[in-house]
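A.B. asks: For reference, the structure I am asking about is given below.
In the numbering used here, the protein residues as written are 1 to 447.
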C-alpha cells in the first residue's frame with residue numbers, strides 16, 4: 001500500500017513539473033527572471049598565444065613592448081548576426097548583431113590608450129571596415145519589425161524562401177522556438193503587458209524598453225490565431241548605423257599588426273570587417289563611463305555623418321575634404337573652404353496633397369533624414385471634412401494611422417524640417433519624396 005502511495009506521489013510531482021514547463025512555454029505563467037551566468041573575460045598575456053585570423057585589443061599598451069610577458073590582450077567577439085556580412089544591405093531586414101547577456105562582458109572597451117591588433121599568416125588587409133552599430137539595449141531575439149497600415153507590427157517571416165525567418169529571428173536564443181512556421185507574416189501584438197507601438201519599437205524594428213534577462217509573455221498571431229511564447233530579453237542588440245572604410249595600420253615587428261584608431265572616432269560600438277565587436281569610449285567620456293557592459297548615461301549613438309536637406313552626405317569624417325577641382329584639401333584649409341561655400345536655401349515646411357479613394361483603414365509613414373541637434377518635425381493632417389490631426393516626430397519617423405478614412409483630397413503639412421528631406425509611404429503602395437525643390441529668389445521657373 002505504501003509503495004502505491006509513493007508511486008502516486010512521484011507521478012503527481014512529475015505531472016506538475018511537466019505542466020509547469022508547458023504553461024511557462026505558452027506564456028500562461030510568468031517564468032520570472034531567467035538566470036544567465038556571464039562568461040569571464042580571458043586575458044592573454046603573450047602575443048605568441050594570439051590565434052591566427054582574429055582581432056584583439058591590446059590594453060593599456062602605451063610605453064610597452066609587444067613582446068612583453070605581462071601584456072593584456074582581449075579577443076573581440078563576433079556575436080550572432082541575422083545576415084552574412086557581405087549580404088548586408090541586400091535584404092529588407094536591418095543588419096543586426098546579437099550578443100547574449102552571458103557574453104556581454106566579452107565586448108572589450110577600447111580607449112586611446114589601447115591598440116587594435118590583427119593576426120594573420122596569409123594577408124594584410126588594405127581596408128578596415130569600421131561598421132558603426134546602433135546600440136538598442138536589451139531585447140528579445142527579433143529584428144526588423146514593421147507596422148502594417150493599421151499599425152500592427154509584424155515580421156516578414158517567409159517571403160521568398162523557407163529560411164527567410166533567419167533574417168528576422170535569432171535562432172540561437174529562445175526566440176528560435178518561432179522557427180518553422182508556415183506563414184508569410186508573423187504578427188507580434190504584445191510583449192508583457194505593453195502593446196507594440198512606435199514608442200516601444202525602434203526605427204530598426206527592435207522592441208525597446210525591456211529589462212535585461214527579464215522573461216516576457218509575447219502574444220504572436222499566425223493569421224488570426226494567437227499563440228503565447230515566453231521570451232527572454234537576454235540579447236544585447238545592435239543594428240547597422242554608419243559605415244566607414246579606413247586604411248591605416250602599422251607593423252609591430254611581431255606576429256600581428258596594429259590597426260589605426262581614427263582620430264575622429266567617437267564613443268560608440270564598432271564592428272571591424274564583420275569579425276570583431278568592440279566598445280569605444282572617447283577621452284571626453286572615459287571618466288563618466290561606468291565600466292560595465294551597459295551604461296545608459298552615455299549616448300553611444302551620436303551620428304558622425306551629416307546630410308543636407310536632400311539626403312546627400314555633406315560630411316563624412318572618414319573621407320577627405322575636396323575643393324571645387326576635386327583636389328584634397330589640407331586640414332588647415334578646410335575652415336577657409338567652408339567660408340567660401342554659399343548657404344543653400346532650405347525650406348522649413350512642406351505641403352502636399354493626396355487623394356484617398358476609399359473609407360478603408362489608411363496609413364502614411366513619413367521617414368525623415370537624421371540631422372544632429374534638429375528639433376522634432378510635426379505633421380498636420382487635414383482630411384476632406386476639415387478634421388485635423390497633429391503628430392510629432394519620433395526617432396526620425398511619423399506614422400499616421402486612420403482606422404476609417406474619409407474619401408477625397410487630404411492635406412499634409414510637415415513643419416520644422418529645415419535641412420532635412422523625407423519620404424512618404426502610403427498604405428496603398430504609393431510614395432512621395434520631399435521637400436520639392438525650392439526656387440531661389442528671382443530665379444525664373446523652368447531653369
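For glycine and all other residues, C-beta sits at the position ideal for the given N, C-alpha and C.
Jot down the residue ranges of each uninterrupted beta strand (DSSP E) in the region 134-193, minimum 3 residues, whole runs only, in chain order.
C.D. replies: Whole beta strand (DSSP E) segments, 3+ residues: 153-156 and 185-191.
A.B. asks: Consult DSSP for residue 85 and reduce its assignment to one of helix, strand or coil.
C.D. replies: Looking at residue 85 - three-state DSSP - the assignment turns out to be helix.
A.B. asks: For residue 105, which three-state DSSP category applies?
C.D. replies: Three-state DSSP puts residue 105 in a helix.
A.B. asks: Where do the N-terminal and C-terminal ends of the beta strand (DSSP E) with residue 236 fall, by residue?
C.D. replies: Unbroken beta strand (DSSP E) run through residue 236: 235-246.
A.B. asks: Kindly indicate which residue of 282, 40, 80 and 62 has the alpha-carbon position closest to the one of residue 172.
C.D. replies: Of the candidates 282, 40, 80 and 62, the one whose C-alpha sits nearest the C-alpha of residue 172 is 80.
A.B. asks: Kindly give me the distance between the Cβ atoms of residue 157 and residue 185, rounded to whole angstroms, as I take these residues to be in contact under 8 Å.
C.D. replies: Correct: roughly 6 Å between the Cβ atoms.
A.B. asks: Which residue from 68, 130 and 40 puts its Cα closest to that of residue 253?
C.D. replies: Cα-wise, what sits closest to residue 253 is 68.
A.B. asks: Does the distance from the C-beta atom of residue 136 to that of residue 206 stay below 7 Å?
C.D. replies: In contact: residue 136 and residue 206 (Cβ atoms closer than 7 Å).
A.B. asks: Any idea which residues DSSP pairs residue 409 with across the strands?
C.D. replies: Bridge partners of residue 409: 355.
A.B. asks: Once DSSP output is grouped into helix, strand and coil, what is the label at residue 217?
C.D. replies: DSSP places residue 217 in strand when its eight states are reduced to three.
A.B. asks: By the three-class DSSP mapping on this structure, what secondary structure does residue 202 have?
C.D. replies: Note: residue 202 maps to coil in three-state DSSP.
A.B. asks: Pairing CB atoms from the region 365-377 with CB atoms from the region 388-397, are three or more of them under 8 Å?
C.D. replies: With a cut-off of 8 Å, the region 388-397 and the region 365-377 count as touching, because enough Cβ pairs lie within range.
A.B. asks: Output the distance between the C-alpha atoms of residue 431 and residue 307, rounded to the nearest integer angstrom.
C.D. replies: Their Cα atoms are separated by approximately 21 Å.
A.B. asks: According to the neighbour-count rule (16 or more other Cβ atoms, all chains shown, within 10 Å of its Cβ), is residue 245 buried or exposed?
C.D. replies: With fewer than 16 other Cβ atoms within 10 Å, it is exposed.
A.B. asks: Could you name the residues that DSSP lists as bridge partners for residue 195?
C.D. replies: Beta-bridge pairing links residue 195 to 190.
A.B. asks: In whole angstroms, what separates the C-alpha of residue 126 from that of residue 78?
C.D. replies: Residue 126 and residue 78: Cα-Cα distance of roughly 21 Å.
A.B. asks: To the nearest angstrom, how far is the alpha carbon of residue 110 from that of residue 227?
C.D. replies: The straight-line gap from Cα to Cα measures roughly 43 Å.
A.B. asks: So what's residue 207 in DSSP terms, helix, strand or just coil?
C.D. replies: Three-state result, residue 207: strand.
A.B. asks: Is the region 354-366 in contact with the region 423-430, if contact means three or more CB pairs nearer than 8 Å?
C.D. replies: Touching, yes.
A.B. asks: Could you check what DSSP says for residue 100 in three-state terms: helix, strand or coil?
C.D. replies: It is a strand residue.
A.B. asks: With C-beta atoms as the reference, is residue 222 less than 7 Å away from residue 183?
C.D. replies: A contact, by the Cβ cut-off of 7 Å.
A.B. asks: Give the straight-line distance between the Cα atoms of residue 31 and residue 193, rounded to the nearest whole angstrom.
C.D. replies: The predicted position of residue 31 is uncertain, since its pLDDT is 46 and thus under 50; a value taken from the coordinates is nonetheless stated next. Taking the straight line from one Cα to the other gives about 15 Å.
A.B. asks: Does the region 259-276 come close enough to the region 130-149 that 3 or more CB-CB pairs lie under 8 Å?
C.D. replies: Yes: the two stretches touch, three or more of their Cβ pairs being nearer than 8 Å.
A.B. asks: Let me confirm a value: residue 309 is counted as buried when at least 16 other C-beta atoms fall within 10 Å, else exposed. Which label applies?
C.D. replies: The residue in question, residue 309, is buried, as its Cβ has 16 or more Cβ neighbours within 10 Å.
A.B. asks: Since residue 271 is in the beta strand (DSSP E), which residue starts that stretch and which ends it?
C.D. replies: Counting along the chain, the beta strand (DSSP E) containing residue 271 begins and ends at 268-272.
A.B. asks: Between the Cα of residue 277 and the Cα atoms of 178, 145, 124 and 99, which residue gives the shortest distance?
C.D. replies: Answer by Cα proximity: 99.
A.B. asks: Please give the ranges of any beta strand (DSSP E) in the region 347-395, keeping only runs that are unbroken, at least 3 residues long and fully inside the region.
C.D. replies: 349-356, 362-368, 378-382 and 388-392, all fully within the region 347-395.
A.B. asks: Thinking just about the alpha-carbon of each residue, which of 115, 53, 101 and 385 is nearest to the one in residue 249?
C.D. replies: Of 115, 53, 101 and 385, the residue nearest in Cα terms is 115.
A.B. asks: Using 7 Å as the threshold, is the C-beta distance between residue 376 and residue 406 below it?
C.D. replies: Their beta carbons are not under 7 Å apart, which means residue 376 does not touch residue 406 by this criterion.
A.B. asks: Leaving out five residues before and five after residue 289 in sequence, what residues of the same chain have Cβ atoms less than 7 Å from its Cβ?
C.D. replies: These residues qualify, in order along the chain: 281, 295 and 298.
A.B. asks: Closer than 8 Å by C-beta to residue 255: which residues in its own chain qualify, once you throw out the five before and the five after it? Chain order, please.
C.D. replies: Here the set comprises 47, 48, 50 and 119.
A.B. asks: Excluding the five sequence neighbours on either side, which residues of its own chain have a C-beta within less than 6 Å of the C-beta of residue 338, listed in chain order?
C.D. replies: Low confidence applies to residue 338: its pLDDT is 41, below 50, so where it sits in the model is not reliable, and the reading given next is rough at best. Answer for residue 338: no residue qualifies.
A.B. asks: Looking only at C-alpha atoms, which of 433, 106 and 128 sits nearest to residue 259?
C.D. replies: Of the candidates 433, 106 and 128, the one whose C-alpha sits nearest the C-alpha of residue 259 is 128.
A.B. asks: For residue 250, which beta-bridge partners are listed by DSSP?
C.D. replies: Per DSSP, 258.
A.B. asks: Might you give, ordered along the chain, the residues of its own chain that have their beta carbon closer than 8 Å to the beta carbon of residue 208, omitting 5 neighbours on each side?
C.D. replies: Cβ neighbours of residue 208 beyond the five flanking positions: 136, 137, 139, 200, 201 and 202.
A.B. asks: What are the start and end residues of the beta strand (DSSP E) that includes residue 401?
C.D. replies: Residues 397-402.
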